[in-house]
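Scroll down for the structure; my scribbles are underneath it.
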Amino acid sequence: MIEMKDIRKSFGSNHVLRGLNLSIPKGTSMVIIGGSGTGKSIALKCILGLVHQDSGTITVDGKDASKGDRDAFLARFGMLFQGGALFDSLPVWQNVAFRLLRGSLKRPHEEARAIAIEKLRRVGLKEDVADRLPAELSGGMQKRVGLARAIAAEPEIIFFDEPTTGLDPIMSGVINELIREIVVEMGATAMTITHDMTSVRAIADNIAMLHEGVIQWTGPVSEMDQSGNPYLEQFIQGKAEGPIEAVR
Amino acid sequence: MKPFALLGRAVLAALAMIGRIALFAVDAVSHMLRPPFYGREFLSALMNIGWLSLPVVGLTAVFTGGALALQIYAGGSRFNAEAVVPQIVAVGVVRELGPVMVGLMIAARVTSSIAAEIGTMKVTEQIDALVTLSTHPMKYLTVPRVLAGLIVVPGLVAVGDIIGVFGGYAVATGTLGFNPAAYIRNTVDFLEPLDVISSLTKGAFFGFAATLMGCYHGMHSGRGAMGVGRATKTAVEGAAVLILAANFVLTGVFFTL
Numbered sequence: 001m002i003e004m005k006d007i008r009k010s011f012g013s014n015h016v017l018r019g020l021n022l023s024i025p026k027g028t029s030m031v032i033i034g035g036s037g038t039g040k041s042i043a044l045k046c047i048l049g050l051v052h053q054d055s056g057t058i059t060v061d062g063k064d065a066s067k068g069d070r071d072a073f074l075a076r077f078g079m080l081f082q083g084g085a086l087f088d089s090l091p092v093w094q095n096v097a098f099r100l101l102r103g104s105l106k107r108p109h110e111e112a113r114a115i116a117i118e119k120l121r122r123v124g125l126k127e128d129v130a131d132r133l134p135a136e137l138s139g140g141m142q143k144r145v146g147l148a149r150a151i152a153a154e155p156e157i158i159f160f161d162e163p164t165t166g167l168d169p170i171m172s173g174v175i176n177e178l179i180r181e182i183v184v185e186m187g188a189t190a191m192t193i194t195h196d197m198t199s200v201r202a203i204a205d206n207i208a209m210l211h212e213g214v215i216q217w218t219g220p221v222s223e224m225d226q227s228g229n230p231y232l233e234q235f236i237q238g239k240a241e242g243p244i245e246a247v248r
Numbered sequence: 001m002k003p004f005a006l007l008g009r010a011v012l013a014a015l016a017m018i019g020r021i022a023l024f025a026v027d028a029v030s031h032m033l034r035p036p037f038y039g040r041e042f043l044s045a046l047m048n049i050g051w052l053s054l055p056v057v058g059l060t061a062v063f064t065g066g067a068l069a070l071q072i073y074a075g076g077s078r079f080n081a082e083a084v085v086p087q088i089v090a091v092g093v094v095r096e097l098g099p100v101m102v103g104l105m106i107a108a109r110v111t112s113s114i115a116a117e118i119g120t121m122k123v124t125e126q127i128d129a130l131v132t133l134s135t136h137p138m139k140y141l142t143v144p145r146v147l148a149g150l151i152v153v154p155g156l157v158a159v160g161d162i163i164g165v166f167g168g169y170a171v172a173t174g175t176l177g178f179n180p181a182a183y184i185r186n187t188v189d190f191l192e193p194l195d196v197i198s199s200l201t202k203g204a205f206f207g208f209a210a211t212l213m214g215c216y217h218g219m220h221s222g223r224g225a226m227g228v229g230r231a232t233k234t235a236v237e238g239a240a241v242l243i244l245a246a247n248f249v250l251t252g253v254f255f256t257l
C-alpha cells in the first residue's frame with residue numbers, strides 16, 4: 001500500500017501540489033490523470049525521492065519512504081520513463097540488466113544477459129535487439145526496452161510515466177496490453193501517469209483525477225463515466241468548456 | 001543605486017556558485033573514498049580523457065614549442081642572447097606552457113564533452129533513471145571522470161612537455177642552426193626536479209578542475225537544448241578561468257615562496 005498524505009510542493013511561486021492525498025492498495029493498478037503541468041510527474045517523483053516534498057508524508061507498506069535503507073527501498077521499484085531514459089552509451093541488454101550488473105542485486109554477467117534477453121522477449125523484442133544501441137531503435141522499441149528494464153528485477157511496485165506518449169495508436173495499444181499483462185502476472189502494484197483515456201481504460205483498476213494540486217476525484221475505473229465530477233467529466237470528454245481552464 | 005544593486009547581486013550570485021562548486025568538489029572527493037566503485041566507467045573515462053586527448057595535446061605542444069623557440073631566438077638576438085633558446089624553451093614549456101596548454105585543451109575537449117553528455121542525461125531523465133536503479137549519479141558519473149582527470153592529466157602534461165621541448169628542438173636545430181647534441185645537453189642540464197614536479201602537480205589540479213566543472217555544470221544543466229548549451233559554455237569558461245587562476249597561484253607557491 002502506498003499512501004500520500006497532504007503532500008505539498010512548490011517551485012518558487014508555482015504551487016504544484018497543494019495537499020495531495022492518495023492511497024494505492026497493494027496489487028492494484030492506479031492511473032493518475034490530469035492536464036499537462038498539474039503535478040502528476042512530481043507526485044510520482046516525490047514517492048521515489050527524486051523530488052522532495054515541502055510537507056506531507058509518504059508511506060509504503062506503512063514505512064516512511066524518506067527513512068531507512070534507500071537502496072533496499074528503491075530495489076522494490078521499477079520505472080518506465082516518458083522518454084525511455086535509456087542510457088545511450090550502453091547496449092540494449094545492458095540497459096535492461098543495469099540493476100543486475102551492479103549493486104545488491106548483482107548477478108554473473110551471463111545470467112544477467114540471459115535475464116535481459118528473456119525480458120526483451122517478454123515485451124515482444126527479438127534477441128538481435130540486445131546488442132544494439134538505444135539510438136538505433138524506434139520510439140516504440142525504446143519504450144519496450146524501457147518496460148523490460150522496469151521489470152528486469154521483478155519489482156513489487158512499477159511506475160509508468162506517460163507510457164504511450166508519442167506512439168501511434170497501434171503501438172500504444174501494444175504497450176497498454178503489455179503493461180496490463182505484466183502487472184497482472186507479476187502481481188505488482190502499478191502507478192501510471194497519462195492523459196491518454198484509451199490507456200486509462202486498458203490499464204487502470206482505479207483512477208485519480210489531479211487538478212490544481214489536489215485529487216479532485218478517485219475511484220474504480222468502472223465508475224469513471226458516471227462520476228458526476230465536473231473536472232473528470234470535462235477531462236474524459238475533452239471539452240474546452242468547464243471548470244478546467246483551457247488556457248493554463 | 002541600481003548599478004550597485006546589480007553589481008551586488010552579481011557578486012552574491014558568483015559567490016554562491018563558488019560555494020556550490022566547492023561543496024560539489026567535497027562531495028565528489030568523499031564519494032571517491034567510499035564504495036561502490038565503478039571500474040568500467042573509470043577505465044572508459046581514462047581512455048576518453050587520456051588516450052583520445054593525445055593527438056590534440058601533441059599537436060598543440062609541438063607547435064607551441066616551435067613558436068617559442070622562434071620567439072626566444074628573435075627576441076634574444078636583440079641583445080646577443082640567442083644561445084639561451086634551449087634553456088628558455090625547456091623552462092617555459094615545462095613550468096608554464098606545457099601544463100597550461102594541456103589544461104586548456106582538456107577544458108575545450110573534455111570539460112565540454114562531459115558537461116554536454118551529463119547535461120543531456122539530465123534533461124532526458126537518464127540521471128533520474130540511474131537513481132531509480134539504485135545507482136548514485138555522483139558515484140557513477142562524477143567520480144570516475146574526476147578521478148580519471150586527476151590521474152591521467154599529469155601524464156598528458158608530461159607528454160606535452162616532452163613534445164613541446166621537441167618542437168623547440170626541431171625548430172632550433174632544423175632552421176636556427178643549433179647543434180642537436182648541445183641543445184639536448186643544455187635542456188637536460190638546465191631543468192631541475194622542481195620544474196617537473198610543478199608541471200605534474202599543475203596537471204593533476206587542472207585535470208581535477210576541468211572534469212569537476214564539466215560534471216558540476218552537466219548535473220545542474222537547465223532544460224532543453226538551450227539549457228545543455230548554456231551548461232557546456234559555462235563549464236568550459238569556468239574550467240578555463242579556474243585553470244589560469246590556479247596556474248598563477250601554483251606558480252607562486254612553487255617558485256616564489
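Each protein sequence line maps, in turn, to chains A and B.
Count the first sequence with the UniProt record's numbering and you get residues 1 to 248, in order.
Count the second sequence with the UniProt record's numbering and you get residues 1 to 257, in order.
Yeah, the Cβ is synthetic: ideal placement off N, Cα and C, and Gly gets one too.
Chain-ordered chain B contacts of residue i [CB-CB under 8 angstroms]
i, result
"A/R102", "P36, Y38 and T135"
"A/F77", "T132"
"A/D71", "S134"
"A/F98", "L133 and T135"
"A/L74", "V131, T132, L133 and S134"
Within chain E, partners of residue i - CB distance below 7 angstroms
i, result
"B/T124", "Going by chain labels, chain E is absent from the structure shown, which instead holds the protein chains A and B."
Whole-Å CB distance - residue i paired with residue j, under 8 angstroms assumed
i, j, result
"B/A61", "B/G98", "7 angstroms"
"B/V131", "B/R223", "With 8 angstroms as the limit, B/V131 and B/R223 do not qualify as a contact, their Cβ atoms being about 18 angstroms apart."
"A/I115", "A/A152", "6 angstroms"
"A/I32", "A/M1", "Going by Cβ atoms, the distance from A/I32 to A/M1 rounds to 16 angstroms, so no, they are not a contact pair."
"A/L167", "A/K143", "7 angstroms"
"A/I47", "A/K9", "12 angstroms between Cβ atoms; not a contact."
"A/G35", "A/L17", "The pair is not a contact, with the Cβ atoms about 14 angstroms apart (cut-off 8 angstroms)."
"B/A240", "B/G214", "So it is not a contact: roughly 12 angstroms between Cβ atoms."
"A/S227", "A/G219", "7 angstroms"
"B/L250", "B/S198", "7 angstroms"
"B/E125", "A/F81", "5 angstroms"
First through last residue of the beta strand (DSSP E) which encompasses residue i
i, result
"A/R8", "I2 to F11"
"A/R99", "From DSSP, A/R99 is part of no beta strand (DSSP E); its letter is neither H nor E."
"B/Q126", "Note, B/Q126: premise wrong, no beta strand (DSSP E); alpha helix (DSSP H) at Q126 to T132."
"A/F159", "I157 to D161"
"A/R132", "Note, A/R132: premise wrong, no beta strand (DSSP E); not H, not E."
"A/I32", "S29 to I33"
"A/N206", "N206 to H211"
"A/V184", "From DSSP, A/V184 is part of no beta strand (DSSP E) but of the alpha helix (DSSP H) over P169 to M186."
"A/L232", "Taken as a continuous stretch (DSSP letters only), A/L232 belongs to no beta strand (DSSP E), being part of the alpha helix (DSSP H) at P230 to Q237."
"A/M191", "T189 to I193"
Contact list for residue i against chain B, beta-carbon separation under 9 angstroms
i, result
"residue 268 of chain A", "Chain A is shown only over 1 to 248; residue 268 of chain A falls outside these bounds and no answer can be derived."
Same chain only: Cβ atoms within 7 angstroms of residue i, ignoring 5 sequence neighbours per side
i, result
"B/Y216", "I21 and F24"
"B/F138", "Per the sequence shown, the amino acid found at residue 138 of chain B is Met instead of Phe. So the qualifying residues of the chain are D27, A28 and H31."
"B/I127", "M121 and P137"
"A/A112", "A97, L100 and L101"
Close beta carbons around residue i, own chain, < 6 angstroms, minus the five adjacent residues each side
i, result
"A/D205", "T28 and S29"
"B/G167", "V62, G65 and G66"
"A/V183", "S29 and A190"
"A/K22", "According to the sequence provided, residue 22 of chain A is Leu. The question's Lys does not apply to it. Answer for A/L22: M4, A208 and I215, listed in chain order."
"residue 281 of chain A", "Nothing can be reported for residue 281 of chain A, as the shown portion of chain A is limited to 1 through 248."
Under 9 angstroms by beta carbon: chain A residues contacting residue i
i, result
"B/D128", "K45, L48, L50, M79, F81 and A85"
Span of the alpha helix (DSSP H) around residue i
i, result
"B/N186", "P180 to F190"
"B/V84", "B/V84 -> no alpha helix (DSSP H), and no H or E assigned at all."
"B/R78", "Run containing B/R78: none; DSSP gives neither H nor E here."
"A/N70", "In the sequence as presented, Asn is not what sits at residue 70 of chain A; that position holds Arg. Its alpha helix (DSSP H) spans residues R70 to L74."
"B/M47", "G39 to I49"
"A/G78", "First-last for A/G78: F77 to L80, but that is the beta strand (DSSP E), not the alpha helix (DSSP H)."
"B/N247", "G224 to F255"
"A/I244", "From DSSP, A/I244 is part of no alpha helix (DSSP H); its letter is neither H nor E."
Contact set for residue i: own chain, Cβ-Cβ below 8 angstroms, skip 5 residues either direction
i, result
"A/G242", "P230, Y231, E233 and Q234"
"A/N176", "P163, T164, T198, S199, A202 and I203"
"B/L46", "A148, I151 and V152"
"A/V145", "G84, L86, V92, N95, V96, L120, V123, L125, V129, P134 and L137"
"A/A148", "V96, A116, K119, L120, R122, V123 and L125"
Does the contact criterion of 3 or more C-beta pairs under 8 angstroms hold for the segment 200-212 of chain B versus the segment 95-111 of chain B? The segment 200-212 of chain B, when compared against the segment 95-111 of chain B, does touch it at the 8 angstroms Cβ threshold.
Is there contact between the segment 76-94 of chain A and the segment 141-157 of chain A, where contact requires at least three CB pairs shorter than 8 angstroms? The segment 76-94 of chain A makes contact with the segment 141-157 of chain A: 3 or more CB pairs, one atom from each, lie closer than 8 angstroms.
Touch test, the segment 135-155 of chain B against the segment 189-209 of chain B, Cβ-Cβ under 8 angstroms, three pairs minimum: As far as the Cβ criterion goes, the segment 135-155 of chain B touches the segment 189-209 of chain B, which means the pair count is three or higher.
Could you tell me whether the segment 47-60 of chain A touches the segment 121-135 of chain A, using the rule of 3 or more Cβ pairs below 8 angstroms? The segment 47-60 of chain A makes no contact with the segment 121-135 of chain A, as fewer than three CB pairs between them are under 8 angstroms.
Touching by the beta-carbon criterion (3+ pairs, under 8 angstroms), the segment 185-203 of chain B and the segment 74-93 of chain B: Flag = yes, the segment 185-203 of chain B and the segment 74-93 of chain B touch.
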